[in-house]
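Here is the structure:
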């Protein structure tokens with residue numbers, strides 16, 4: 001590994017005691033996916049600077065371990081080294097990934113007590129965090145009270161509107177940015193605009209802004225912009241047009257452009273096009289399990305069980321394992337995580353009893369489980385889901401047991417919400433008179449009074 005070779009050279013030259021060198025090494029190793037070496041160097045340093053702490057915190061966050069990043073920050077606050085602006089921005093970002101609203105509120109309080117709240121970068125990070133933790137009102141409150149706003153802050157709020165399914169509001173804010181603030185939107189802002197159009201089904205607006213971006217602002221569309229455009233068209237059912245966009249785009253189509261088209265084929269059950277897209281993805285992105293799952297589910301949705309099983313076998317033959325699903329809910333500042341088949345929760349009996357109660361009430365008001373896709377699949381996860389024990393429903397049941405009537409439940413999950421769960425959660429919001437906020441792998445869903453903010457468009 002080149003990084004280790006550089007480290008060896010540094011040791012030979014004897015300059016490894018310099019603070020800047022130590023911080024650079026701790027920053028380098030996580031980028032090489034080696035946290036063990038980064039942590040070893042970190043512990044060897046006696047007088048740890050804020051830069052050194054921040055480098056390791058950032059490493060854990062970048063490698064998908066936001067919980068440990070937060071723990072490191074808490075440890076840092078108990079030492080004599082004071083976190084700086086960059087440290088706080090880094091840990092707030094980790095909190096956003098973790099989905100802990102209570103922790104986010106603690107970090108905002110910490111920034112206030114330490115005179116950092118008015119910092120523009122910290123305010124922007126807090127906005128991003130509150131959006132990702134399901135409290136858009138708090139995010140908008142910071143934006144409205146900010147004494148100064150840069151383009152990054154505007155972009156964060158537009159993105160917040162986008163992931164919460166408020167496309168019209170996102171476009172209104174974007175229009176205000178253009179006409180009243182004098183800012184020239186950049187490529188990042190336009191990504192938020194296209195995403196907002198995609199999540200809200202605003203096809204004409206999305207196409208219009210894609211053209212304006214190039215014609216009036218001279219922004220050359222990147223692969224990310226084309227991916228957002230394909231996603232916009234695919235979600236709305238314009239699969240042929242989405243394919244044409246990919247075929248004529250001036251930059252080489254990357255994997256990330258084909259994936260939203262495959263997802264759209266799954267949604268709209270276009271097996272013929274889906275097979276063409278999947279074949280390409282299986283060749284160029286053979287290690288991505290999500291593509292196999294999408295294609296397998298597409299076959300299952302139209303009753304092609306043999307083909308679905310063949311795709312699963314292909315995935316397993318390549319040594320790939322389906323990402324385990326989980327959901328979490330925060331109650332009294334503690335995150336409760338529910339995994340497939342997990343029976344370890346200390347209130348398990350109560351939770352399942354509550355689920356049975358909910359299922360009975362759901363059937364009474366007309367809910368019918370959509371089990372056509374899972375009854376032929378013998379995997380343990382799918383068996384449980386066929387019986388109605390979806391992960392997000394476990395979180396909901398626990399939340400209903402653990403919070404006051406009428407309070408909002410915020411649930412985070414790593415995978416896309418399935419059609420059956422989406423229907424069930426609408427019914428549950430109605431019979432419990434609760435506001436259910438669910439962050440899945442794609443976006444936020446706000447379930448209230450029997451309907452969802454996504455308008456069944458996700």
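In full-length UniProt numbering, the protein residues as written are 1 to 458.
The C-beta atom is built at its ideal place from N, Cα and C for all residues, glycine as well.
May I ask you to report which of helix, strand or coil DSSP gives residue i?
{"i": "residue 249", "result": "coil"}
{"i": "residue 368", "result": "coil"}
{"i": "residue 326", "result": "strand"}
{"i": "residue 413", "result": "strand"}
{"i": "residue 7", "result": "Because the pLDDT at residue 7 is just 49, under 50, the model does not fix this residue reliably, and the value given afterwards should be weighed accordingly. In the structure shown, residue 7 sits in a helix (DSSP, three-state: H, G or I)."}
{"i": "residue 331", "result": "strand"}
{"i": "residue 219", "result": "coil"}
{"i": "residue 173", "result": "helix"}
{"i": "residue 361", "result": "helix"}
{"i": "residue 72", "result": "helix"}
{"i": "residue 22", "result": "helix"}
{"i": "residue 302", "result": "coil"}
{"i": "residue 240", "result": "helix"}
{"i": "residue 352", "result": "helix"}
{"i": "residue 36", "result": "helix"}
{"i": "residue 395", "result": "helix"}
{"i": "residue 462", "result": "Here the chain covers residues 1 to 458 and nothing more, so residue 462 does not appear."}
{"i": "residue 45", "result": "coil"}
{"i": "residue 516", "result": "The displayed coordinates of the chain run from 1 to 458. Any statement about residue 516 would go beyond what the structure contains."}
{"i": "residue 287", "result": "coil"}
{"i": "residue 390", "result": "coil"}
{"i": "residue 167", "result": "helix"}
{"i": "residue 234", "result": "helix"}
{"i": "residue 320", "result": "coil"}
Compute the Euclidean distance between the alpha carbons of residue i and residue j, then round it to the nearest angstrom.
{"i": "residue 149", "j": "residue 122", "result": "12 angstroms"}
{"i": "residue 104", "j": "residue 442", "result": "21 angstroms"}
{"i": "residue 384", "j": "residue 428", "result": "Because residue 384 sits at a pLDDT of 45, beneath the cut-off of 50, its placement in the model cannot be relied upon, and the following sentence gives the value as read from the coordinates. Approximately 19 angstroms between the Cα atoms of the pair."}
{"i": "residue 116", "j": "residue 155", "result": "21 angstroms"}
{"i": "residue 274", "j": "residue 266", "result": "7 angstroms"}
{"i": "residue 391", "j": "residue 80", "result": "42 angstroms"}
{"i": "residue 194", "j": "residue 228", "result": "6 angstroms"}
{"i": "residue 328", "j": "residue 437", "result": "12 angstroms"}
{"i": "residue 412", "j": "residue 365", "result": "26 angstroms"}
{"i": "residue 7", "j": "residue 325", "result": "Low confidence applies to residue 7: its pLDDT is 49, below 50, so where it sits in the model is not reliable, and the reading given next is rough at best. Near 38 angstroms, if we compare the C-alpha coordinates of residue 325 and residue 7."}
{"i": "residue 445", "j": "residue 164", "result": "7 angstroms"}
{"i": "residue 439", "j": "residue 249", "result": "32 angstroms"}
{"i": "residue 317", "j": "residue 288", "result": "13 angstroms"}
{"i": "residue 94", "j": "residue 70", "result": "7 angstroms"}
{"i": "residue 56", "j": "residue 74", "result": "13 angstroms"}
{"i": "residue 136", "j": "residue 232", "result": "23 angstroms"}
{"i": "residue 469", "j": "residue 422", "result": "Nothing can be reported for residue 469, as the shown portion of the chain is limited to 1 through 458."}
{"i": "residue 90", "j": "residue 52", "result": "13 angstroms"}
{"i": "residue 298", "j": "residue 239", "result": "15 angstroms"}
{"i": "residue 387", "j": "residue 424", "result": "Residue confidence for residue 387 is low, a pLDDT of 47 falling below 50, so the modelled location carries little weight and cannot support an answer."}
{"i": "residue 31", "j": "residue 321", "result": "24 angstroms"}
{"i": "residue 216", "j": "residue 185", "result": "10 angstroms"}
{"i": "residue 34", "j": "residue 169", "result": "42 angstroms"}
Round the Cβ separation of residue i and residue j to the nearest angstrom and send it over; I've been treating them as touching at under 8 angstroms.
{"i": "residue 226", "j": "residue 209", "result": "With a Cβ gap of about 14 angstroms, residue 226 and residue 209 do not count as contacting."}
{"i": "residue 291", "j": "residue 314", "result": "Contact doesn't hold; Cβ gap of about 11 angstroms is too wide."}
{"i": "residue 426", "j": "residue 450", "result": "5 angstroms"}
{"i": "residue 106", "j": "residue 126", "result": "The Cβ separation is near 12 angstroms, so there is no contact."}
{"i": "residue 59", "j": "residue 38", "result": "5 angstroms"}
{"i": "residue 223", "j": "residue 256", "result": "6 angstroms"}
{"i": "residue 401", "j": "residue 350", "result": "6 angstroms"}
Which residue comes first and which comes last in the beta strand (DSSP E) that contains residue i?
{"i": "residue 448", "result": "444-448"}
{"i": "residue 337", "result": "334-339"}
Could you pull the start and end residues of the alpha helix (DSSP H) that residue i belongs to?
{"i": "residue 436", "result": "Element bounds for residue 436: not the alpha helix (DSSP H) but the beta strand (DSSP E), 436-439."}
{"i": "residue 419", "result": "419-432"}
{"i": "residue 456", "result": "Run containing residue 456: none; DSSP gives neither H nor E here."}
{"i": "residue 271", "result": "271-284"}
{"i": "residue 160", "result": "151-163"}
{"i": "residue 408", "result": "Neither: residue 408 is in no alpha helix (DSSP H) and is coded neither H nor E."}
{"i": "residue 208", "result": "203-215"}
{"i": "residue 142", "result": "136-145"}
{"i": "residue 132", "result": "120-132"}
{"i": "residue 315", "result": "305-317"}
{"i": "residue 264", "result": "255-268"}
{"i": "residue 60", "result": "50-62"}
{"i": "residue 109", "result": "101-113"}
{"i": "residue 462", "result": "Because the chain is modelled from 1 through 458, residue 462 falls outside the range shown and cannot be assessed."}
{"i": "residue 90", "result": "85-98"}
For chain D, is any of its Cβ atoms less than 8 angstroms away from the one on residue i?
{"i": "residue 111", "result": "Looking at the structure shown, chain D is missing, and only one protein chain is on hand."}
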